[in-house]
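Student: Numbering (our numbering), first residue to last: 12 to 422. We put the beta carbon where it would ideally sit given N, CA and C, even for glycine.
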């Protein structure tokens, strides 16, 4: 009798410890995701140099990820801790629909950002075509498609066992095989394919331009022999407002903008008849007024850069590796977080007992974790975002010490 009571007490102790651990874990995940996305939203809304059209996509992505943290993860944490659904069918519908809506929107924003970067890298005139109307239409399409995917189960596209699962205190999205094929293809598999193609094309463009510059540079300095190359680099840098990684990739693709210590005079003068220029962020953290029409003239004063061929080739190879690493971080984080869940989502309707409950939980929360990583991945490479975060954290003292941040960063 004493041994049995001791065993029961030990079981209860381990059960309580387990509940405490997962409660702290899910709680911290939710808090970190909320704070990260709130910081991104605050940075864009408060910092004038981040208030450009390109960052609208980053802002909308942060809103989608914040909704995951506020609407989806708290109920998911309650479900995980209690190990049963006791909140009724209505809340189950609300939770699963919010889950599909917000996670799909988050993933589709990554596609839109990749597409925006691809256009910026491959079309130098895209800086003039990237209007608030165009970006706004992209954001509308993202949320509309996400809504279509999430609303289908609420309109009756559910599997026959949905009510039985509710009675068994289990809450899952519709396990109808055809719905899962539709939902997973719309939310993940097609977006994944598009992202891989776009980032591969971006990397190919980067590598091609780096190697072309190596060939040109073998005869003479690139900037002095081919002034257009500098213009391309500058145009790409100006088009790189969509988050930090775009700026990093653009800097890798073309020759980096010359620093004040490297050259005495290097100006690009842009004139236009349009009297309402558009604010655009440079890759180096400065803000400039760019004309909104293509009716402009460009004057470039080439400068000589006394760089040895070996060191230049080494720098180019370094840029190529950095481009590969940067794009690998983007796609790798996305694939690692979401691929296990979406493979499982297709297999569960075929065999409901294929995965243990704890495996389902791990894969689901791994997907949620992608919304925690997004504000880090898509802003950490940007000096402007880093400056804005420090300013928010440290307040006026930091802002006063760094009020000439843009100029000093350029130097």
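So, are the CB atoms of residue 212 and residue 129 less than 8 Å apart?
Tutor: Counting from 1 along the chain shown, the entry for residue 212 is found at position 201. Counting from 1 along the chain shown, the entry for residue 129 is found at position 118. Against a cut-off of 8 Å, the Cβ pair of residue 129 and residue 212 comes out as a contact.
Student: Measure the beta-carbon distance from residue 50 to residue 403 and round it to whole angstroms, keeping in mind my assumption that it falls under 8 Å.
Tutor: If you number the chain shown from 1, residue 50 lands on position 39. If you number the chain shown from 1, residue 403 lands on position 392. 6 Å between Cβ atoms; contact.
Student: Have a look at residue 275 and residue 152 and give me their C-alpha separation to the nearest angstrom.
Tutor: Position 264 of the chain shown, counted from the first residue, corresponds to residue 275. Position 141 of the chain shown, counted from the first residue, corresponds to residue 152. Because residue 275 carries a pLDDT of 36, less than 50, the predicted location of this residue cannot be relied on, and no value is offered for it.
Student: Using alpha carbons as the reference points, say which of 118, 74, 143 lies closest to residue 200.
Tutor: Locating residue 200 in the chain shown gives position 189, counting from the first residue. Out of 118, 74, 143, the CA that lies nearest to the CA of residue 200 is found in 118.
Student: Taking the alpha helix (DSSP H) that residue 155 falls in, what are its first and last residues?
Tutor: For this step, residue 155 is matched to residue 144 along the chain shown. From DSSP, the alpha helix (DSSP H) with residue 155 extends over 143-162.
Student: Let me make sure I understand the geometry here. Which of 354, 123, 164, 380 has the alpha-carbon closest to that of residue 147?
Tutor: Stepping through the chain shown from its first residue, residue 147 is reached at position 136. The shortest Cα separation from residue 147 among 354, 123, 164, 380 belongs to 123.
Student: Closer than 8 Å, CB to CB, is residue 109 near chain C or not?
Tutor: In the structure shown, chain C does not exist; there is a single protein chain.
Student: Just reading off the alpha helix (DSSP H) that residue 112 is part of, what are its end residues?
Tutor: For the purposes of this step, residue 112 is identified with residue 101 of the chain shown, where counting begins at 1. For residue 112, the uninterrupted alpha helix (DSSP H) run begins and ends at 99-133, by DSSP.
Student: Does the Cβ of residue 93 have 16 or more other Cβ atoms within 10 Å, making it buried, or fewer, making it exposed?
Tutor: Stepping through the chain shown from its first residue, residue 93 is reached at position 82. Exposed, because fewer than 16 other Cβ atoms sit within 10 Å of the Cβ of residue 93.
Student: Please state if the CB of residue 80 and the CB of residue 45 are separated by a distance shorter than 8 Å.
Tutor: The residue labelled residue 45 in the question sits at position 34 within the chain shown. The residue labelled residue 80 in the question sits at position 69 within the chain shown. Yes.
Student: With 16 other CB atoms within 10 Å as the buried threshold, where does residue 171 fall?
Tutor: For the purposes of this step, residue 171 is taken as residue 160 along the chain shown, with counting starting at 1. With fewer than 16 Cβ atoms within 10 Å of its Cβ, residue 171 is classed as exposed.
Student: The alpha helix (DSSP H) with residue 69 in it runs from where to where?
Tutor: Position 58 of the chain shown, counting from 1, holds the residue named residue 69. Unbroken alpha helix (DSSP H) run through residue 69: 66-78.
Student: Within 10 angstroms of its Cβ, does residue 395 collect 16 or more other Cβ (buried), or is it exposed?
Tutor: As a first step, residue 395 is located in the chain shown; it is residue number 384 there, counting from the start. Result: buried.
Student: Tell whether a beta-carbon distance below 8 Å holds between residue 107 and residue 198.
Tutor: For the purposes of this step, residue 107 is taken as the residue at position 96 of the chain shown. For the purposes of this step, residue 198 is taken as the residue at position 187 of the chain shown. No. Outside cutoff.
Student: Does DSSP classify residue 58 as helix, strand or coil?
Tutor: Locating residue 58 in the chain shown gives position 47, where the first residue counts as 1. If DSSP states are grouped into helix, strand and coil, residue 58 belongs with coil.
Student: Could you check whether residue 194 and residue 156 sit closer than 8 Å to each other, using their CB atoms as the reference points?
Tutor: Taking the first residue of the chain shown as 1, we reach residue 156 at position 145. Taking the first residue of the chain shown as 1, we reach residue 194 at position 183. Taking C-beta atoms as the reference points, residue 156 and residue 194 fail to come closer than 8 Å.
Student: Check whether the segment 386-393 touches the segment 337-354, counting contact only when three or more Cβ pairs, one atom from each stretch, lie closer than 8 Å.
Tutor: yes
Student: So residue 214 packs on residue 399, CB below 8 Å; how close in whole Å?
Tutor: Walking along the chain shown from the start, residue 214 turns up at place 203. Walking along the chain shown from the start, residue 399 turns up at place 388. Not really, about 28 Å apart at Cβ, beyond 8 Å.
Student: Could you tell me whether the Cβ atoms of residue 82 and residue 113 are closer together than 8 Å?
Tutor: Position 71 of the chain shown holds residue 82. Position 102 of the chain shown holds residue 113. Contact flag set, yes.
Student: Helix, strand or coil, according to DSSP, for residue 367 in the structure here?
Tutor: The residue given as residue 367 occupies position 356 in the chain shown. Correct three-state label for residue 367: coil.
Student: Just confirm the distance between the C-beta atoms of residue 150 and residue 67, as a whole number of angstroms; I'd bet it's less than 8 Å.
Tutor: As a first step, residue 150 is located in the chain shown; it is residue number 139 there, counting from the start. As a first step, residue 67 is located in the chain shown; it is residue number 56 there, counting from the start. The pair is a contact, with the Cβ atoms about 7 Å apart (cut-off 8 Å).
Student: Just to confirm the assignment, what range does the alpha helix (DSSP H) spanning residue 93 have?
Tutor: Counting from one through the chain shown, the residue named residue 93 turns up at place 82. Segment 84-93, the alpha helix (DSSP H) holding residue 93.
Student: Check whether the segment 94-103 touches the segment 163-183, counting contact only when three or more Cβ pairs, one atom from each stretch, lie closer than 8 Å.
Tutor: yes
Student: Using alpha carbons as the reference points, say which of 69, 64, 109, 75 lies closest to residue 86.
Tutor: The residue given as residue 86 occupies position 75 in the chain shown. Residue 86 has its Cα closest to that of 109, out of 69, 64, 109, 75.
Student: Please return the same chain residues whose Cβ sits closer than 6 Å to the Cβ of residue 219, not counting the five positions on each side in sequence.
Tutor: Stepping through the chain shown from its first residue, residue 219 is reached at position 208. Correct list: empty, nothing qualifies.
Student: What residues in its chain sit with their C-beta under 7 Å from that of residue 168, if we drop five residues either side in the sequence?
Tutor: In the chain shown, the residue the question calls residue 168 occupies position 157. Once the five neighbours on either side are set aside, the close Cβ partners of residue 168 are 185, 187, 190.
Student: Measuring alpha carbon to alpha carbon, tell me which residue in 69, 76, 78, 158 is nearest residue 127.
Tutor: In the chain shown, the residue the question calls residue 127 occupies position 116. Nearest option by C-alpha distance: 69.
Student: Quick check for students: name the residue ranges of the alpha helix (DSSP H) that lie wholly in the segment 327-408, counting only runs of 4 or more.
Tutor: For the segment 327-408, whole alpha helix (DSSP H) runs of length 4 or above, ordered along the chain, are 368-388, 394-405.
Student: Between the alpha carbons of residue 53 and residue 78, how many angstroms are there, rounded?
Tutor: Residue numbering aside, residue 53 sits at position 42 when the chain shown is read from its first letter. Residue numbering aside, residue 78 sits at position 67 when the chain shown is read from its first letter. Each residue's Cα considered, the two are about 15 Å apart.
Student: State buried or exposed for residue 48, treating a residue as buried only when at least 16 other CB atoms are found within 10 Å of its CB.
Tutor: Start at 1 with the first residue of the chain shown, and residue 48 comes out as number 37. It is buried - the Cβ of residue 48 has at least 16 other Cβ atoms within 10 Å.
Student: Could you tell me the boundaries of the alpha helix (DSSP H) in which residue 139 lies?
Tutor: Here residue 139 is taken as the residue at index 128 of the chain shown, counted from 1. From DSSP, the alpha helix (DSSP H) with residue 139 extends over 137-140.
Student: Go ahead and pull the three-state DSSP assignment for residue 184.
Tutor: Sequence index remark: in the chain shown, residue 184 carries index 173 (1-based). DSSP places residue 184 in coil when its eight states are reduced to three.
Student: Looking only at its own chain, which residues have a Cβ that is under 6 Å from the Cβ of residue 378, when we skip the five neighbours before and after it?
Tutor: Stepping through the chain shown from its first residue, residue 378 is reached at position 367. The answer, listed in chain order, is 348, 349, 352.
Student: Please list, in chain order, all residues of the same chain as residue 383 whose beta carbon is under 7 Å from its beta carbon, the five residues on each side excluded.
Tutor: Translated into positions along the chain shown, residue 383 becomes position 372. Taken in chain order, the residues that qualify are 40, 43, 44, 47.
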